[in-house]
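Have a look at the structure below before the remarks.
Numbering (full-length UniProt numbering), first residue to last: 1 to 490.
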């Protein structure tokens, strides 16, 4: 029993360190402050929400209207990038914007800068596009206080070598957004409550942050979702403690790609989307990129942002985790072995020691295992409360951890088999320079990356240096005015 006692004591020591010395990762208090009370003086910054969407026709009706009806009092517009979809994603987006415009009081938007004005039946770029209802009309300037949220749908293409599809689409969207103050990078499956953009911008301006990110609350409806989703967020926080990530003096940097508000100038000065173009875990890579340039980042749990994408089966959740688990380990076999051993010692050993110790009558082994298991349960309970799950569900965490262990091994197997990170018909292998497991900083990943600079010409005219990879699409396939923001007269 001595070997098991040693393992149980190592597990107990690990849990004491994790609970008290690892940034209090288990606490769920990193949230955006409420925006109740006096509004800040002066004009609100301009924001463009960039939404990459690939075959998202099913989920867009649940999410896009939440952006179209934001109550943000400053200039706000949306650029949705149709990433070579085959299910009519772009058409669905335009219909949703038209419906939101029709739902406005007096039907404002349909005959003005909406369907018949800019884009679908109008004069496109030369008529009511860029010069009419675009940047100077009902777009960035016209969509300010009292204006409507506008939608621009642009197309993307298959990404060139060295790019992931999402980042290639984001690159197009950021270029189409123009010279705004903030870019809201948000996924197509993310729904926002009416005050979401206001809260993000308020936090960024009040705390002088360059990147504000919220981990959207994932769906927990099915049995498998209830078992795995809270643990997924718990493990992410263990890997990237939010408090440490939010500390400018800490090297830990993380973000959640579903909802990230970034200052455009900070993004440009950090190298732009091009600097992370091959990143599979693009959110964390973006946060690291900005923090390495002395930018200030913040990550917390969301109260008003949620994912509407269902993961009803174990296979769906398995694919979600296995897609990037090996990338989290920098494609390193050595780190994989260490992770498997660590998960076994930290999560499985307490249960084994408790059960075996009690069965064998070994008080020391049973006590060490039970105490470690108790700390595990205590640290997991706040996350279960956040997701509205009963505290007794914490008893299943060792089993869930064993599932994650299997998912991580399967992730490595997929990469070794050449299947890599697969998402909607695209597969990404480990980038060059990382296949041996070495960690490469984002800004140094590509020797030929062309970086945009925040020069005066870019800020005043919106003319940016063309990055490598070819021209971006024109700004408007169709611009539709929709929604109403605070202060607008009906």
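C-beta: ideal position from N, C-alpha, C; glycine also.
Subject >> Cross-strand partners of residue 260 (DSSP beta bridge) >> reply: Paired residue(s): 185 and 213.
**OP:** Could you check what DSSP says for residue 297 in three-state terms: helix, strand or coil?
**Re:** strand
Original post:
Per DSSP, residue 268 is paired with what?
Top reply: DSSP lists no partner for residue 268.
Original post:
DSSP beta-bridge partners for residue 52?
Top reply: 81
Original post:
Three-state secondary structure (DSSP) at residue 348?
Top reply: helix
Original post:
Looking at the structure shown, is residue 423 part of a helix, part of a strand, or coil, going by DSSP?
Top reply: strand
Subject >> Residues sharing a beta bridge with residue 47, DSSP >> reply: 76 and 182
Original post:
Taking all protein chains shown into account, do 16 or more other C-beta atoms lie within 10 angstroms of the C-beta of residue 42, making it buried, or fewer, making it exposed?
Top reply: That one is exposed.
**OP:** Could you tell me how far apart the beta carbons of residue 346 and residue 22 are, in whole angstroms, since I believe they sit closer than 8 angstroms?
**Re:** 12 angstroms between Cβ atoms; not a contact.
Subject >> Identified DSSP bridge partners for residue 306 >> reply: 191 and 217
**OP:** Report yes if the CB atom of residue 30 is closer than 8 angstroms to the CB atom of residue 242, and no otherwise.
**Re:** yes
Subject >> Cβ pair residue 52, residue 74 closer than 8 angstroms >> reply: no
**OP:** Output the residue ranges of the beta strand (DSSP E) runs that lie fully inside the segment 379-424 and measure 3 residues or longer, sorted by chain position.
**Re:** 421-423
**OP:** Would you give the residue range spanned by the alpha helix (DSSP H) that residue 234 belongs to?
**Re:** 223-239
Subject >> Buried versus exposed call for residue 421 [16 or more other C-beta atoms within 10 Å across all chains shown] >> reply: buried
Original post:
Straight-line CA distance for residue 355 to residue 246?
Top reply: One C-alpha to the other measures close to 39 angstroms.
Original post:
For residue 79, which option in 65, 72, 275 and 48 has the closest C-alpha, if you only look at C-alpha atoms?
Top reply: 48
Subject >> Simplified DSSP assignment, three categories, for residue 450 >> reply: Its pLDDT being 31, under 50, residue 450 is placed unreliably by the model, and the measurement read from it follows with that caveat. Note: residue 450 maps to coil in three-state DSSP.
Original post:
Where residue 358 and residue 417 are concerned, what is the direct C-alpha to C-alpha distance, given to the nearest angstrom?
Top reply: 43 angstroms
Original post:
Considering only C-alpha positions, which residue in the set 255, 65, 207 and 413 is nearest to residue 194?
Top reply: 65
Original post:
Helix, strand or coil: which one does DSSP assign to residue 155?
Top reply: strand
Original post:
Counting pairs of Cβ atoms below 8 angstroms between the segment 307-326 and the segment 284-299, do you hit three or more?
Top reply: no
Original post:
Do three or more CB pairs link the segment 276-285 to the segment 358-373 at distances below 8 angstroms?
Top reply: Using a Cβ-Cβ distance cut-off of 8 angstroms, the segment 276-285 and the segment 358-373 are not in contact, since fewer than three pairs of beta carbons, one from each stretch, lie closer than that value.
Original post:
Could you give the distance in angstroms between the alpha-carbon of residue 168 and the alpha-carbon of residue 240?
Top reply: 26 angstroms
Subject >> Rounded straight-line distance, which links the Cα of residue 380 to that of residue 386 >> reply: 10 angstroms
Original post:
Between residue 258 and residue 190, which are expected to be in contact by the criterion C-beta below 8 angstroms, what is the C-beta distance as a whole number of angstroms?
Top reply: 5 angstroms
Original post:
Thinking C-alpha only, which one of 233, 305, 364 and 297 is nearest residue 384?
Top reply: With distances taken between Cα atoms, residue 384 lies closest to 233.
Original post:
Are three or more beta carbon pairs between the segment 299-309 and the segment 209-219 nearer than 8 angstroms?
Top reply: yes
Subject >> Pick from 275, 57, 219 and 352 that is closest to residue 83, judged by C-alpha positions >> reply: 57
**OP:** With DSSP collapsed to three states, give me the class of residue 311.
**Re:** coil
**OP:** Go ahead and pull the three-state DSSP assignment for residue 104.
**Re:** coil
Subject >> Pairwise C-alpha distance: residue 188 and residue 339 >> reply: 32 angstroms
Original post:
So what does DSSP say about residue 124, is it helix, strand or coil?
Top reply: Because residue 124 sits at a pLDDT of 35, beneath the cut-off of 50, its placement in the model cannot be relied upon, and the point is left open.
Subject >> Between the CA atoms of residue 222 and residue 55 - distance to the nearest angstrom >> reply: 23 angstroms
**OP:** Could you tell me the distance, in whole angstroms, from the CA atom of residue 96 to the CA atom of residue 218?
**Re:** 23 angstroms
Subject >> Cβ neighbours of residue 25 in the same chain (closer than 6 angstroms, five flanking residues each side left out) >> reply: 237, 238 and 241
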